[in-house]
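Below is one structure, written out as structure tokens; comments come after it.
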């Protein structure tokens with residue numbers, strides 16, 4: 001089980017029987033990534049476990065794509081493993097790490113008439129968002145999309161089946177890029193509208209009238225205190 005404190009991650013593990021070797025492997029990988037992330041982010045890392053899982057599946061998908069040929073010549077098996085990792089990464093980034101690391105979340109709703117509507121959520125209180133973690137989130141979001149774009153370009157002259165795998169990776173990563181970019185713009189627009197709502201035209205007019213009234217009153221008082229000098 002995990003024990004997390006602000007600024008660093010402490011781990012304690014009670015040995016328990018694992019249902020499968022895959023579960024044990026994923027647990028060990030998450031711990032290794034968490035230790036690495038905690039070392040990179042330093043004391044400012046508030047959510048090392050979330051960062052670890054944010055990197056775990058996307059890094060695993062890229063490594064599986066590059067190295068699967070050394071372990072299996074069966075394309076179907078390799079395809080399933082890579083797409084599974086890509087799907088886990090898409091879901092984790094969309095529903096977990098984005099909400100924790102940058103305070104954003106997006107999703108699509110399909111109306112009865114078939115039209116797609118974008119929905120966005122943004123955290124009002126951003127005090128819990130760490131700047132280093134937020135920067136890491138955005139960098140990796142665009143970086144891994146560029147990696148799958150590169151794979152797609154390189155595979156144009158190679159086998160079509162691997163081009164298909166690269167397209168799946170590009171599509172899933174690009175969906176998160178578009179969703180979070182729109183969500184970030186929406187959050188900034190809400191913040192700008194909120195700031196603008198505090199300074200309305202009526203408030204400006206009222207402040208101007210108050211200043212004019214104060215200036216007029218001060219001038220009138222000065223005139224009253226002045227007495228004409230006698231001869």
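Residue numbers (UniProt numbering): 1 to 231. Where is the CB? At the ideal position from N, CA and C, for every residue including glycine.
Range of the contiguous alpha helix (DSSP H) that encloses residue 101: 98-101
Is there contact between the stretch 147-159 and the stretch 115-123, where contact requires at least three CB pairs shorter than 8 Å? no
Cutting at 7 Å between CB atoms, please list the residues of its own chain near residue 273, excluding the five before and the five after it. As shown, the chain starts at 1 and ends at 231. That puts residue 273 outside it, with no answer to give.
Three or more C-beta pairs closer than 8 Å, one from the stretch 89-104 and one from the stretch 173-189: is that the case here? yes
Beta-carbon proximity check, residue 177 vs residue 142, cutoff 8 Å: yes
Per the DSSP calculation, residue 110 is bridged to which residue(s)? 116
Taking only three categories from DSSP, how would you classify residue 122? strand
Between the C-alpha atoms of residue 167 and residue 48, what's the straight-line distance to the nearest angstrom? 30 Å
To the nearest angstrom, report how far apart residue 54 and residue 182 are at their CA atoms. 20 Å
How far does the alpha helix (DSSP H) with residue 60 in it extend, from its first residue to its last? 48-67
Name the residue from 138, 77 and 65 whose alpha carbon lies nearest to the alpha carbon of residue 99. 138
Per DSSP, which one or two residues make a beta bridge with residue 105? 121
Inter-residue CB distance, residue 67 and residue 169 (contact presumed, cutoff 8 Å): Residue 67 to residue 169, Cβ: 15 Å. No contact.
Got a sec? Which residues, its chain only, sit under 8 Å from residue 161 by beta carbon, not counting five neighbours each side? 75 and 79
Can you name the start and end residues of the alpha helix (DSSP H) that residue 137 belongs to? 131-154
Roughly how many angstroms separate the alpha carbons of residue 56 and residue 81, rounded to a whole number? 14 Å
Mapping DSSP to helix, strand and coil, what is residue 71? coil
Cβ neighbours of residue 180 in the same chain (closer than 7 Å, five flanking residues each side left out): 98, 104, 106 and 141
For residue 90 and residue 172, believed in contact at Cβ under 8 Å, the rounded distance: 4 Å
Any chain C beta carbon closer than 8 Å to residue 97: Looking at the structure shown, chain C is missing, and only one protein chain is on hand.
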